[in-house]
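One structure below.
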Amino acid sequence: MNSTLTPRQATILDSLIRLHVDTAQPVGSSAIAEKDGIVASAATIRNEMAELEEMGYLKSPHTSAGRVPTEAAYRYYVKNSTTPLSMPQVEERRFREIEQHYHELDVRIRQIAKAVAEFSAEGVFLAFGKDDLYYTGLSNLFAQPEFREQQDLVEMGQVIDHLDEAIARVFGTNSDDSVTVLLGSENPFGSNCGVILVRCAVANGGDGVFGILGPTRMDYRTNIARVERVRNCVSQP
């Protein structure tokens, strides 16, 4: 983990982010104290959270005593979290079924995209060129708590209206097959969103970009595992 955080601070931050991802609510010290692997009292955790806030990793909503992660916290989590990259077994079974039953590449890829949108509850897109786009699951975004306020809905609507332009901008960002995470101010889809991208070498000899689009509060570790699995799946003949 990053040397700027003590091991306990890193564990607390990791737990807080995972709790916030699951609940979309501010997280208090008592909830973290109940997590496995946390050997500290609620009072000690509260003090550590105050320090994490001073360091810029947490912020306090005005209406709650709990705290939520900042953009810096999510960046730290993506880069340093020790949470394993893994998908639930039910998803792995679905991927295998798709690979076995859909032999036509275009159909297989679209079935994969639909499955990822279903399991992640996020928006999913595929780009095989600036003018060859496919996306699904965008309605999932409007069900997220972050986009229930009028202004947030308007901003997300604008993102969707210009989705093809944003995808065209990111199409050239991945020169290799590594996973790229863009969030906050660096994200062309919007500052209140996160996107996970991977370039795929497609079995027919072409290549494309697969992405998962969601709120900044998304399950990055599981979604990274999903896009890596997609990359392997679409490269098969």
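Just so you know, we're using numbering that gives the first Met the number 0 here: the sequence shown kicks off at 0 and counts up by one. We put the beta carbon where it would ideally sit given N, CA and C, even for glycine.
What's the call for residue i, buried or exposed, on a 16-neighbour Cβ count within 10 Å?
| i | result |
| --- | --- |
| residue 157 | exposed |
| residue 143 | buried |
| residue 184 | exposed |
| residue 147 | exposed |
| residue 168 | exposed |
| residue 60 | exposed |
| residue 3 | exposed |
| residue 8 | buried |
| residue 178 | buried |
| residue 165 | buried |
Output needed for residue i: all residues of its chain with C-beta closer than 7 Å, excluding positions within five of it in sequence on either side, in chain order.
| i | result |
| --- | --- |
| residue 228 | 86 and 94 |
| residue 71 | 55 and 56 |
| residue 220 | 80, 82 and 84 |
My understanding is that residue i touches residue j, with C-beta atoms under 8 Å, so please give their C-beta distance in whole angstroms.
| i | j | result |
| --- | --- | --- |
| residue 208 | residue 195 | In fact, because the Cβ distance is near 11 Å, the residues do not count as touching under 8 Å. |
| residue 15 | residue 31 | 6 Å |
| residue 224 | residue 84 | 4 Å |
Please state the DSSP three-state secondary structure of residue i.
| i | result |
| --- | --- |
| residue 215 | coil |
| residue 112 | helix |
| residue 140 | helix |
| residue 4 | coil |
| residue 105 | helix |
| residue 120 | coil |
Residues in its own chain within less than 6 Å of residue i by CB, not counting five upstream and five downstream?
| i | result |
| --- | --- |
| residue 75 | none |
| residue 233 | 108, 199 and 201 |
| residue 218 | 20 |
| residue 6 | none |
| residue 1 | The predicted position of residue 1 is uncertain, since its pLDDT is 48 and thus under 50; a value taken from the coordinates is nonetheless stated next. Once the five neighbours on either side are set aside, the close Cβ partners of residue 1 are 79. |
| residue 34 | 14 |
Once you ignore the five residues that flank residue i on each side, which residues in its own chain have a CB closer than 8 Å to its CB?
| i | result |
| --- | --- |
| residue 222 | 119, 121, 195, 211 and 213 |
| residue 161 | none |
| residue 145 | 23, 151, 191, 214, 215 and 216 |
Handout entry: Length at least 4, wholly inside the segment 11-95: the alpha helix (DSSP H) runs in chain order
Key = 28-32, 41-53 and 70-79
Problem - Within the segment 142-211, ranges of the alpha helix (DSSP H) (whole runs, at least 4 residues) - result: 149-160 and 162-169
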